[in-house]
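*Asks:* The structure's right below; bear with me while I get my questions together.
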Amino acid sequence: MERRTQADRDAITIEIGYAFVSACFAAALVFGAVYGPALVFDVSPTTDAVLTLAGGVLAAVVFLLRVTQVLWRFARRPENDGY
């Protein structure tokens, strides 16, 4: 295995940052979509708790899936991809 160049290390750092930011955005959208009705409508405390829990769990799953998808796609790219 050859030593990584500074450009390779920079590309990995940027890709990790992109994966994290895009995963946070996707998770926030999912949480908002699930919990949003509780903010708009007058729901019972039980329904509010269920929507909060469901939104949190789904947001966490979306976050992990997005990070995994972005980093696996980056790892599978050809070494010489034109840059």
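Numbering (the working numbering), first residue to last: -3 to 79.
Glycine is no exception: its CB is placed at the ideal position from the N, C-alpha and C atoms.
Rounded to a whole number of angstroms, what is the C-alpha to C-alpha distance between serine 40 and leucine 47?
*Replies:* 11 Å
*Asks:* I'd like to know if the segment 63 to 71 and the segment 25 to 39 are in contact, where contact means that at least 3 CB-CB pairs between them fall below 8 Å.
*Replies:* no
*Asks:* Classify valine 26 as buried or exposed, calling it buried when 16 or more other Cβ atoms lie within 10 Å of its own Cβ.
*Replies:* buried
*Asks:* Less than 8 Å between C-beta atoms, sequence neighbours within five positions excluded: which residues of the same chain meet that for glycine 52?
*Replies:* Phe27
*Asks:* Out of curiosity, what's the CA-to-CA distance linking aspartate 44 and alanine 29?
*Replies:* If you take the alpha carbons of aspartate 44 and alanine 29, they lie about 13 Å apart.
*Asks:* Taking the alpha helix (DSSP H) that valine 63 belongs to, which residues open and close that run?
*Replies:* 41 to 71
*Asks:* Look at alanine 23 and valine 58 and say whether their C-beta atoms are less than 7 Å apart.
*Replies:* yes
*Asks:* Roughly how many angstroms lie between the CA atoms of alanine 56 and arginine 62, to the nearest whole one?
*Replies:* 10 Å
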